[in-house]
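Taking the numbering used here, I'd label the letters of the sequence shown as residues 1 to 138. The beta-carbon is built from N, C-alpha and C at its ideal position, and this holds for glycine as well. Written below as structure tokens is the structure these notes are about.
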Amino acid sequence: MGVGLNVDFDWYEIGSGTFLFSFFSTVAVNLEGGKWGSRFPVIMNKLYHGKIETNKVDKAIKEMEMIKSELKNYPPSKVVWDIEDLSQQPPWGDEISEEITDLSNYFITSDGEDLIEVFMLALNKAKEIKKPVEIDSM
1 MGVGLNVDFD WYEIGSGTFL FSFFSTVAVN LEGGKWGSRF PVIMNKLYHG
51 KIETNKVDKA IKEMEMIKSE LKNYPPSKVV WDIEDLSQQP PWGDEISEEI
101 TDLSNYFITS DGEDLIEVFM LALNKAKEIK KPVEIDSM
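In structure tokens:
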């Protein structure tokens, strides 16, 4: 089953729930020292648990900008597929596109879009129309 972001009537495709969990796992391990939500509480706690309320969208945008900036410092080999089982690897292993240079551009949605850019589109839309952002399944 696929997941995406829902802002009012706008849908932003992500892909599988496992893929999305990998993004959160990668952030938690590499940028938060394994302490989920310690540095990015809105993204890692509110969004991960399904919803960012309108009054937290500005903070979420700032957190996502920091996440993107900091993930640039990590090679693709530092991806974490599952924080609960660090031995797990992505189904594609090391076979990734040469265009993927670091963890900031590692995550590509099922539509072929950069996941962080999709997050930013949804967050900016939510800010513009003053609506929450929700993770939803199709």
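The alpha-carbon of residue 86 is positioned some 31 Å away from that of residue 11. The beta carbon of residue 118 lies closer than 6 Å to those of 12, 109 in the same chain, with the five residues before and after it left out. Following the DSSP letters along the chain, one finds residue 58 inside the alpha helix (DSSP H) bounded by residues 57-71. DSSP places residue 16 in the uninterrupted beta strand (DSSP E) bounded by 10-16. A direct Cα-to-Cα measurement between residue 46 and residue 53 gives close to 8 Å. Distance from the CA of residue 37 to the CA of residue 91, rounded to the nearest whole angstrom, comes to 26 Å. In this structure, the alpha-carbon of residue 19 lies about 16 Å from that of residue 77. Secondary structure note for residue 118: its alpha helix (DSSP H) is the uninterrupted segment 115-129. Bounds of any beta strand (DSSP E) do not take in residue 82, whose DSSP letter is neither H nor E.
Of 84, 8, 68, the smallest CA-CA separation from residue 35 is found for 84. Measuring C-alpha to C-alpha distances from residue 116 to each of 73, 80, 63, 131 identifies 63 as the nearest.
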